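**Q** Attaching a single structure in structure tokens format; questions to follow.
In the working numbering, the protein residues as written are 3 to 583.
Printed below as a string of structure tokens:
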């Protein structure tokens with residue numbers, strides 16, 4: 003519930019890492035004095051690394067709008083000091099406002115910091131709560147009406163109230179909180195994920211962070227069915243047309259849970275027995291590589307913070323191989339991230355990446371090799387694949403100077419032909435069946451007979467979501483089991499019957515997935531949706547040795563490109579010539 007903010011405590015002197023105002027970093031990023039224009043320098047005590055010292059800012063009482071006054075001093079973390087960490091966006095550099103620190107009456111700060119300190123202080127008292135870190139106060143320059151009954155419903159969400167109890171516009175005042183640029187800052191997300199407790203301040207009104215974040219968790223659900231429903235409307239309203247994901251782990255609470263689970267899995271799984279080391283999506287929620295890939299759509303001032311901003315979240319990162327150096331080339335940091343993953347897991351599964359979406363985990367340009375992942379790795383498909391066995395990449399390595407990835411493998415085939423690039427799910431169903439059958443006859447002419455070749459197991463497996471049973475149910479949010487060859491054939495035949503009905507010659511798979519046209523197909527509607535998704539992103543390719551496969555249509559392959567099984571990669575990889583981009 004919104005209310006007046008609690009009495010202020012000691013505030014750690016930091017922000018999201020982009021701001022020179024009141025930073026507390028101890029490794030050479032703070033000068034020994036701050037100077038303000040037309041005034042003497044603000045003197046302060048240097049930090050003692052041996053005592054694990056930080057700086058705290060004590061915010062003194064004051065009436066709203068009056069001058070902000072406080073003192074800055076050093077404390078040792080070994081003494082377990084009580085404080086709250088203020089998290090806010092730096093905002094525009096002009097105009098600046100003067101606050102008073104340690105008697106220095108003209109210390110300039112930016113508007114957001116001045117306003118945050120003004121909102122957070124009490125008018126007539128200074129009280130220390132005795133709470134221990136790590137408590138983060140997320141301050142947003144956003145106005146709400148806390149007495150609105152909506153915020154009472156927010157506190158009951160998931161208990162007595164569900165999102166679909168009301169039309170989406172009812173929840174817009176809560177959704178507006180997450181439209182603030184604050185939530186798309188990398189450093190802000192890092193602090194919230196690490197926090198033991200979160201308070202969210204909308205100017206002077208404070209909320210228990212669990213309530214808004216629980217709302218965010220329910221909105222940022224990646225299941226297919228909710229994209230077009232009421233929850234999908236809320237999600238699109240928050241994103242304002244931007245391409246998700248905007249939040250590490252899809253939402254803050256999920257990212258916190260991933261990190262805790264990652265800690266448990268790290269203790270359970272041993273580096274010494276690599277054949278039993280399972281690289282799962284939840285495990286990767288705490289890995290430097292996966293966190294790095296997820297930051298592609300987040301905002302930061304320095305591109306190096308793509309790495310430095312997540313070091314506190316990643317588990318068991320070798321500090322000797324990943325030192326903070328803001329003079330280092332961005333390409334070097336990217337190479338180090340991938341090299342650390344290969345060294346630790348003896349895996350090159352990172353090559354199974356997708357190029358979809360507007361974000362790119364690695365900046366584009368001639369300096370960046372094409373083997374580097376762009377946005378995300380298809381871990382669900384990788385974990386479900388058994389195509390390449392379990393040989394690890396013990397001899398794989400990255401040359402940081404030449405930027406070449408060295409890996410062993412076997413050449414198994416060559417691309418012979420590539421199917422049409424049209425969206426198959428938008429083609430009339432009978433036309434799509436004909437094209438698929440022609441692919442099969444081209445590869446296996448001696449097998450042509452009365453039964454369609456596309457009903458063979460090595461074809462129907464390409465039409466199913468290549469994920470585990472559990473992941474299939476999680477993604478599509480229904481109780482159907484992952485399709486087998488038999489259920490897929492039954493679906494294909496039912497679709498054909500529907501398309502052969504009078505007046506249905508232009509019927510598309512998307513028509514059936516989104517709005518079934520007959521009672522006969524009703525029970526297959528859920529299966530049509532995953533099938534349409536697979537066809538939306540795939541193009542069929544044939545090989546010279548008679549194999550049929552599918553590739554993400556955003557990748558451009560050519561005949562004579564090679565199919566390899568690489569040691570440490572659980573899916574086959576198509577490699578182009580040395581001169582191809």
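Using N, Cα and C, we set each Cβ at its ideal position, and we do this for glycine too. Here the structure is a predicted model, which means the values were calculated and not measured.
Can you list, in chain order, the residues of its chain with a C-beta nearer than 7 Å to that of residue 222? Leave out the 5 residues immediately preceding and following it.
**A** Counted from its first residue, the chain shown places residue 222 at position 220. If we look at residue 222 and ignore the five residues flanking it on each side, its Cβ neighbours are 237, 249, 252 and 253.
**Q** Express the C-alpha separation of residue 171 and residue 460 in angstroms, rounding to a whole number.
**A** Locating residue 460 in the chain shown gives position 458, where the first residue counts as 1. Locating residue 171 in the chain shown gives position 169, where the first residue counts as 1. In a straight line, the C-alpha of residue 460 is about 47 Å away from that of residue 171.
**Q** Quick check on the burial criterion: 16 or more other C-beta atoms within 10 angstroms. Buried or exposed for residue 96?
**A** In the chain shown, residue 96 corresponds to position 94, counting from 1. Classification of residue 96: exposed, given that the 10 Å Cβ count is below 16.
**Q** Output the distance between the C-alpha atoms of residue 562 and residue 416, rounded to the nearest integer angstrom.
**A** What you label residue 562 is simply residue 560 of the chain shown in a count that begins at 1. What you label residue 416 is simply residue 414 of the chain shown in a count that begins at 1. Roughly 5 Å between the two C-alpha positions.
**Q** Do residue 296 and residue 573 have their C-beta atoms closer together than 8 Å?
**A** Walking along the chain shown from the start, residue 296 turns up at place 294. Walking along the chain shown from the start, residue 573 turns up at place 571. Not in contact: residue 296 and residue 573 (Cβ atoms no closer than 8 Å).
**Q** Which partner residues does residue 397 have in the DSSP bridge list?
**A** If you number the chain shown from 1, residue 397 lands on position 395. Bridge partners of residue 397: none, in fact.
**Q** From residue 327 to residue 308, what does the alpha carbon distance come to, in whole angstroms?
**A** Counting from one through the chain shown, the residue named residue 327 turns up at place 325. Counting from one through the chain shown, the residue named residue 308 turns up at place 306. Residue 327 and residue 308: Cα-Cα distance of roughly 13 Å.
**Q** With burial defined as no fewer than 16 other Cβ atoms inside 10 Å of the residue's Cβ, what is the status of residue 217: buried or exposed?
**A** Residue numbering aside, residue 217 sits at position 215 when the chain shown is read from its first letter. The residue in question, residue 217, is buried, as its Cβ has 16 or more Cβ neighbours within 10 Å.
**Q** Please state whether the Cβ-Cβ distance between residue 339 and residue 267 is less than 8 Å.
**A** Position 337 of the chain shown holds residue 339. Position 265 of the chain shown holds residue 267. For residue 339 and residue 267, no; Cβs fall outside 8 Å.
**Q** Evaluate the contact criterion for the stretch 533-541 versus the stretch 382-402: three or more CB pairs, one atom per stretch, below 8 Å.
**A** Flag = no, the stretch 533-541 and the stretch 382-402 do not touch.
**Q** Need the endpoints of the alpha helix (DSSP H) that residue 428 sits in, please.
**A** Residue 428 sits at position 426 when you count from the first residue of the chain shown. Where residue 428 is concerned, there is no enclosing alpha helix (DSSP H), given that its DSSP letter is neither H nor E.
**Q** With a Cβ-Cβ cutoff of 8 Å, do residue 139 and residue 81 count as a contact?
**A** Here residue 139 is taken as the residue at index 137 of the chain shown, counted from 1. Here residue 81 is taken as the residue at index 79 of the chain shown, counted from 1. The answer is no: Cβ separation not under 8 Å.
**Q** Pull up the distance between the alpha-carbon of residue 74 and that of residue 197, whole angstroms please.
**A** By 1-based counting over the chain shown, the position of residue 74 is 72. By 1-based counting over the chain shown, the position of residue 197 is 195. Cα to Cα, residue 74 sits roughly 23 Å from residue 197.
**Q** Just to confirm my understanding: we take residue 181, look at its own chain, exclude 5 residues before and 5 after, and list those with CB closer than 7 Å. What are they?
**A** As a first step, residue 181 is located in the chain shown; it is residue number 179 there, counting from the start. Counting only Cβ-Cβ distances below 7 Å, and skipping sequence neighbours, we find 240 and 242.
**Q** What number of angstroms, rounded off, separates the C-alpha of residue 52 from the C-alpha of residue 195?
**A** For the purposes of this step, residue 52 is taken as the residue at position 50 of the chain shown. For the purposes of this step, residue 195 is taken as the residue at position 193 of the chain shown. In a straight line, the C-alpha of residue 52 is about 27 Å away from that of residue 195.
**Q** Cβ atoms of residue 100 and residue 108: under 8 Å apart, would you say?
**A** The count along the chain shown starts at 1 and reaches residue 108 at position 106. The count along the chain shown starts at 1 and reaches residue 100 at position 98. Contact flag set, yes.
**Q** Between 301, 303, 312 and 305, which has its C-alpha nearest residue 294's C-alpha?
**A** Indexing the chain shown from 1 puts residue 294 at position 292. Closest option to residue 294, Cα to Cα, is 312.
**Q** Round the Cβ separation of residue 203 and residue 122 to the nearest angstrom and send it over; I've been treating them as touching at under 8 Å.
**A** Residue numbering aside, residue 203 sits at position 201 when the chain shown is read from its first letter. Residue numbering aside, residue 122 sits at position 120 when the chain shown is read from its first letter. Residue 203 to residue 122, Cβ: 7 Å. Contact.
**Q** In whole angstroms, what separates the C-alpha of residue 578 from that of residue 169?
**A** Counted from its first residue, the chain shown places residue 578 at position 576. Counted from its first residue, the chain shown places residue 169 at position 167. When rounded, the distance between both Cα atoms is 51 Å.
**Q** Identify whether residue 106 lies in helix, strand or coil by the three-state DSSP scheme.
**A** Stepping through the chain shown from its first residue, residue 106 is reached at position 104. Residue state, collapsed to three classes: strand.
**Q** For residue 298, tell me which candidate among 331, 322, 344 and 376 has the shortest Cα-Cα distance.
**A** Residue mapping note: residue 298 aligns to position 296 of the chain shown, counting from 1. Ranking the options by Cα distance to residue 298, first place goes to 376.
**Q** Use the C-beta contact count for residue 39: other C-beta atoms within 10 angstroms, 16 or more gives buried, fewer gives exposed.
**A** Taking the first residue of the chain shown as 1, we reach residue 39 at position 37. For residue 39, the predicted structure reports a pLDDT of 47, less than 50, and the residue's modelled location is therefore unreliable. The matter cannot be settled from this model.
**Q** Please state whether the Cβ-Cβ distance between residue 421 and residue 543 is less than 8 Å.
**A** Translated into positions along the chain shown, residue 421 becomes position 419. Translated into positions along the chain shown, residue 543 becomes position 541. In contact: residue 421 and residue 543 (Cβ atoms closer than 8 Å).
**Q** Quick one: residues in its chain with C-beta nearer than 7 Å to the C-beta of residue 163, no 5 flanking neighbours on either side, listed in chain order?
**A** Start at 1 with the first residue of the chain shown, and residue 163 comes out as number 161. Cβ neighbours of residue 163 beyond the five flanking positions: 155.
**Q** I'd like to know whether the C-beta atoms of residue 84 and residue 54 end up nearer to each other than 8 Å.
**A** Taking the chain shown and counting its residues from 1, the one referred to as residue 84 is at position 82. Taking the chain shown and counting its residues from 1, the one referred to as residue 54 is at position 52. Not closer than 8 Å, so no.
**Q** Could you spell out the range, first to last residue, of the beta strand (DSSP E) harbouring residue 89?
**A** As a working mapping, residue 89 is identified with position 87 in the chain shown. 86-89 is the span of the beta strand (DSSP E), which, as asked, contains residue 89.
**Q** For residue 396, which residues of its own chain have a beta-carbon under 6 Å away from its beta-carbon, when the five flanking residues on both sides are left out?
**A** Counting from 1 along the chain shown, the entry for residue 396 is found at position 394. For residue 396, where only same-chain residues beyond five positions count, the Cβ hits under 6 Å are 348.
**Q** Return yes when the Cβ of residue 576 is within less than 8 Å of the Cβ of residue 556, no when it is not.
**A** What you label residue 556 is simply residue 554 of the chain shown in a count that begins at 1. What you label residue 576 is simply residue 574 of the chain shown in a count that begins at 1. No. Outside cutoff.
**Q** Which residues bound the beta strand (DSSP E) around residue 551?
**A** Translated into positions along the chain shown, residue 551 becomes position 549. Taken as a continuous stretch (DSSP letters only), the beta strand (DSSP E) holding residue 551 covers 550-554.
**Q** Please list the terminal residues of the continuous alpha helix (DSSP H) segment that includes residue 584.
**A** Limits of the chain in this structure are 3 at one end and 583 at the other, which puts residue 584 out of reach.
**Q** Return the chain-ordered list of same chain residues with a C-beta closer than 8 Å to the C-beta of residue 566, the five sequence neighbours on each side being excluded.
**A** Numbered from its first residue, the chain shown carries residue 566 at position 564. The answer, listed in chain order, is 411, 412, 413, 414, 574, 575, 576 and 577.
**Q** Quick one: residues in its chain with C-beta nearer than 8 Å to the C-beta of residue 144, no 5 flanking neighbours on either side, listed in chain order?
**A** For the purposes of this step, residue 144 is taken as the residue at position 142 of the chain shown. Around residue 144: 178, 179, 182, 204 and 205.
**Q** Starting from residue 564 and walking both ways along the beta strand (DSSP E), at which residues does that stretch end?
**A** Taking the chain shown and counting its residues from 1, one reaches residue 564 at position 562. Taken as a continuous stretch (DSSP letters only), the beta strand (DSSP E) holding residue 564 covers 564-568.
**Q** What does the alpha-carbon distance come out to for the pair residue 262 and residue 316?
**A** On the chain shown, position 260 is the one that residue 262 refers to. On the chain shown, position 314 is the one that residue 316 refers to. Each residue's Cα considered, the two are about 11 Å apart.
**Q** With burial defined as no fewer than 16 other Cβ atoms inside 10 Å of the residue's Cβ, what is the status of residue 192: buried or exposed?
**A** By 1-based counting over the chain shown, the position of residue 192 is 190. Residue 192 comes out buried.
**Q** What's the gap between the Cα of residue 457 and the Cα of residue 491?
**A** Translated into positions along the chain shown, residue 457 becomes position 455. Translated into positions along the chain shown, residue 491 becomes position 489. The straight-line gap from Cα to Cα measures roughly 6 Å.
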